[in-house]
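Mapping of the sequence shown onto our numbering: residues 495 to 746, in sequence order.
To start, the structure under review is shown below, and the notes come after it.
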Amino acid sequence: MRLAFHASNRPDALAAKTALTEHYGDCPLLEADCVVALGGDGCMLDALHAVMGHDIPVYGMNFGSVGFLMNDPVHDHLPDRLAAAEKAIIHPLRARGTGLDGKAFESLAINEVSLLRQTRQTAKVRISIDGVVRMDELAADGVLVSTPAGSTAYNFSAHGPILPIDASLLALTPISAFRPRRWRGALLSHTSTVEFEVIEPERRPVAAVADNREFRDVRSVTIAEAADVTLTMLFDAGRALDERIILEQFSA
495 MRLAFHASNR
505 PDALAAKTAL
515 TEHYGDCPLL
525 EADCVVALGG
535 DGCMLDALHA
545 VMGHDIPVYG
555 MNFGSVGFLM
565 NDPVHDHLPD
575 RLAAAEKAII
585 HPLRARGTGL
595 DGKAFESLAI
605 NEVSLLRQTR
615 QTAKVRISID
625 GVVRMDELAA
635 DGVLVSTPAG
645 STAYNFSAHG
655 PILPIDASLL
665 ALTPISAFRP
675 RRWRGALLSH
685 TSTVEFEVIE
695 PERRPVAAVA
705 DNREFRDVRS
715 VTIAEAADVT
725 LTMLFDAGRA
735 LDERIILEQF
745 SA
């Protein structure tokens, strides 16, 4: 099995990469049978973005803080662990938008696509689903669309629902909604197309963030599942992502 190791800049992750490389070798990322990400959940997302479109699974070892998407950092018998690992198949979101300067942008997001206010001014956003306006004006710090894989991350912190990994759903969640104050968001089919139109974008500037890519001063963003892109995460037997998502809902 050809392995490639992708480490964060944490000293313990870099030390683990050195030790693992000496034992198992290290091939170029896009020539690997499997990529091993060493770090936290951000490192896992970086590795998944790096192999996007190349059908290479990613297995994570936790050298971060939360490590929700990672496995325990055990170095022995790694090829056997990878062969026995359980798969989680996910599709990212594709965000297409336009800035105030008229320039178009596009990005893929594994966890979520967020719109966030850039200044002290509350963001105002019109929300359409599949071409139908469902909310004329949301006044909030922002709003996001999350995949099931990302539903335990920023979405959950914003009081959005946790989605089972195999749910054919997306979570639409406001961030500190001011008006309508009691709106908690919506569950959407994974085939839905969500459009955010920024109201008064010059006066109330808004940024769009797709995972770790930020686009400033946006006018509108359209978000849909990228069904043509498939990503595979690997988890130790008994530690599959669907089980972790269930446990997260019963944790204190």
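Ideal Cβ placement from N, Cα and C applies to all residues, glycine included.
This structure is a prediction, so every number in the text was calculated from the model and none was measured.
Around the CB of residue 577, fewer than 16 other CB atoms lie within 10 Å, so the residue is classed as exposed. In this structure, the straight-line span from the alpha carbon of residue 568 to that of residue 586 is close to 29 Å. DSSP lists no bridge partner for residue 517.
Rounded to the nearest angstrom, the gap between the Cα atoms of residue 681 and residue 627 is 16 Å. Taking every protein chain shown into account, the CB of residue 500 has 16 or more other CB atoms within 10 angstroms, so this residue is buried. According to the DSSP secondary-structure assignment, residue 629 is paired through a beta bridge with 621.
Remark: C-beta atoms of residue 673 and residue 633 approach each other more closely than 8 Å.
In this structure, the CA atom of residue 689 is about 6 Å from the CA atom of residue 717. In the structure shown, the three-state DSSP call for residue 597 is coil.
Annotation: residue 740 to residue 595 spans about 44 Å, alpha carbon to alpha carbon. Going by DSSP, residue 652 is part of no beta strand (DSSP E) at all; its letter is neither H nor E.
DSSP places residue 546 outside both helix and strand once states are collapsed to three, so it counts as coil. Taken through DSSP and simplified to helix, strand or coil, residue 668 comes out as strand. In this structure, 671 is the residue among 536, 675, 671 and 676 with its C-alpha nearest to the C-alpha of residue 617.
Counting C-beta pairs with one atom in each stretch, the region 550-559 and the region 725-733 have three or more that are closer than 8 Å, which means they touch.
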